[in-house]
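Residue numbers (my numbering): 5 to 143.
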């Protein structure tokens, strides 16, 4: 299980523990045509953390999803450091570009791996660019 990316050019990887795993993946081929939820957090200091959650449906095979694609992919970035949350359920938050490239979905060996980039915009907050994202996980 590996996961990481650059957050506005700075290395970001899961770290710390608040009682739950700092990296998790859920995938079920029978739910929503193949639903997944991939979440990671890092603790900066007591009570201060950042968390990225990516989710989607209709995923039955390796594929590249160009963003934004609200019918197939969503993401939330919670940032206690800046006080800004980038939740696509919020109408003032936009994913303005990027991709989610699922390179391997092995349902026999339970492997879910690929690459991603996501650009978020939110009025009153700095733009967030997540780049060079990689994940290689078991479900």
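Think of the CB as a built atom: it goes at the ideal place given N, C-alpha and C, for glycine as much as any other residue. Everything numeric in this text was worked out from a predicted model, so none of it was measured.
Can you check whether the CB of residue 81 is closer than 9 angstroms to the CB of residue 57? yes
In chain order, which beta strand (DSSP E) runs of at least 3 residues are fully inside the region 52-98? 52-60, 67-70, 77-83 and 88-91
Which of helix, strand or coil DSSP assigns to residue 126: strand
For the beta strand (DSSP E) containing residue 32, list its first residue and its last residue. 27-32
Measure the alpha-carbon distance for residue 21 versus residue 10 and round it to whole angstroms. 21 angstroms
Which same chain residues end up closer than 6 angstroms to residue 142 when comparing Cβ atoms and leaving out the 5 residues on each side of it in sequence? 114
Let me check understanding here. Comparing Cα to Cα, which of 74, 132 and 31 lies closest to residue 111? 31
Boundaries (first-last residue) of the beta strand (DSSP E) holding residue 7: 6-11
Cβ-Cβ distance between residue 68 and residue 104 below 9 angstroms: yes
If you count every other CB in all the chains shown that lies within 10 Å of the CB of residue 52, and 16 or more means buried, which is it? exposed
By the 10 Å Cβ neighbour count, where 16 or more other Cβ atoms means buried, how is residue 65 classified, buried or exposed? exposed
Taking C-alpha atoms, which residue in 116, 47 and 63 lies nearest to residue 37? 63
Answer with buried or exposed for residue 79, where buried requires no fewer than 16 other C-beta atoms within 10 angstroms of its C-beta. buried
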